[in-house]
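See below for the structure under consideration.
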Amino acid sequence: MSVHFIGAGPGAADLITVRGRDLLQRCTVCLYAGSLVPTELLAVCPPGARLVDTRDLNLDQIVEELITRHREGHEIARLCSGDPAVFSAVAEQARRLDAAGVPYDITPGVPAFAAAAAALRQELTVPGVGQSLVLTRISAMATPMPPGEDLATLGASRATLVLHLAVQRIDAVVADLLPNYGADCPAAVVARASREDELVLRGTLADIAARVHAAGVRRTAVIIVGRVLAVPGRGSHLYSAGRDRGAG
């Protein structure tokens with residue numbers, strides 16, 4: 026028996042992967058964050074499965090539940106919002122499972138930034154405009170950022186920025202980015218990406234904060250800043266007529 030860390034996707038229940046759904050169908054215990062994971066996914070679990078909302082549990086309590094149920098012979102799902110590779114706290118849980126000798130695996134999920142890009146109908150890597158994507162957050166009300174990963178430093182590259190867990194501090198985000206990106210740089214905020222109440226706000230660094238405040242967006246949102254949001258760019262080499270498509 027194992028603990029399965031499963032990416033539940035950005036919000037819509039049908040955006041879980043087939044592998045993630047299949048694992049859920051056989052797990053007799055499921056731990057999930059009630060505020061982030063769609064409860065419709067819980068119906069996929071077997072009848073009578075133990076369902077544990079981790080919203081009000083600390084790390085010690087969560088890991089104790091995982092270890093205890095594993096030793097009882099259960100197969101366990103640990104549902105993570107989005108993708109477990111990004112801002113999921115999987116690493117600290119996995120370290121403790123390793124120490125306890127509990128086996129686990131990780132199933133990726135659709136990340137929130139991908140759902141936000143889909144809502145914007147936007148490719149985030151546009152040839153000739155932007156080919157780099159920086160996924161980051163800010164330190165307010167969360168673990169401090171490492172040295173050199175502040176927005177002023179990251180913004181010096183002028184790469185497309187995707188910020189999680191930052192919409193409550195949109196004014197500070199804008200202030201940090203303006204010197205490098207300029208007031209006319211396109212910006213977007215997607216709240217509750219992929220859900221029925223999804224909200225898309227488009228603007229520039231000059232007005233995106235005002236749009237966010239007017240809409241009352243304070244959580245579950247992704248901020249995207251970069252020229253790729255407005256400039257069409259040139260065609261890619263991959264599909265160009267001039268590309269050598271020889272068998273070699």
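Note that my numbering has the sequence shown beginning at 26, numbered continuously upward.
We put the CB at the ideal spot given by N, CA and C, even for glycine.
ask   = Can you name, in chain order, every residue of its own chain whose Cβ lies under 8 Å from the Cβ of P133, other than the five neighbours on each side?
value = G32, T42, D108, P109 and A110
ask   = Are the region 46–61 and the region 85–100 touching, with three or more C-beta to C-beta distances below 8 Å?
value = yes
Enclosing alpha helix (DSSP H) for T178 [first to last residue] = Boundaries of the alpha helix (DSSP H) harbouring T178: L176 to L179, taken from the DSSP string.
task = Count the other C-beta atoms from every protein chain shown that fall within 10 angstroms of the C-beta of T229, then say buried if there are 16 or more, exposed otherwise.
result = So T229 counts as buried.
task = Identify the continuous alpha helix (DSSP H) that holds G45 and give its terminal residues.
result = V43 to L49
inquiry  = Assuming the contact rule is C-beta atoms closer than 8 Å, V237 and V225 should be a hit. Round their C-beta distance to whole Å, please.
reply    = At roughly 12 Å, the Cβ-Cβ gap does not stay under 8 Å, so V237 and V225 are not in contact.
request  = Have a look at A38 and G59 and give me their C-alpha separation to the nearest angstrom.
outcome  = 13 Å
key: Counted within 10 angstroms of its Cβ, other Cβ atoms place R113 as buried (16 or more) or exposed   = Note that residue 113 corresponds to Ser in the displayed sequence, not to Arg. The residue is buried, with at least 16 neighbouring Cβ atoms inside 10 Å.
ask   = If you compare alpha carbons, which of V28, E174 and G155 is closest to V115?
value = Out of V28, E174 and G155, the CA that lies nearest to the CA of V115 is found in V28.
query = From this set, I87, P72, P71 and R44, which residue's C-alpha is nearest Y57's C-alpha?
reply = I87
ask   = If we count the other Cβ atoms within 10 Å of its Cβ and call it buried at 16 or more, is S219 buried or exposed?
value = buried
ask   = Just checking my contact of T161 with L179 at CB under 8 Å: how many whole Å lie between their CB atoms?
value = 6 Å
message = Given a cut-off of 7 Å on the beta-carbon distance, is the pair G251 and G155 in contact?
response = yes
task = Out of R183, A68, C70 and L61, point me to the one whose CA is closest to C210's CA.
result = Ranking the options by Cα distance to C210, first place goes to R183.
ask   = Can you give the beta carbon distance from E49 to C70, rounded, assuming they're within the 8 Å contact cut?
value = The residue you asked about is not Glu; residue 49 is Leu in the sequence shown. Yes, they are in contact, since the Cβ atoms of L49 and C70 sit about 6 Å apart, within 8 Å.
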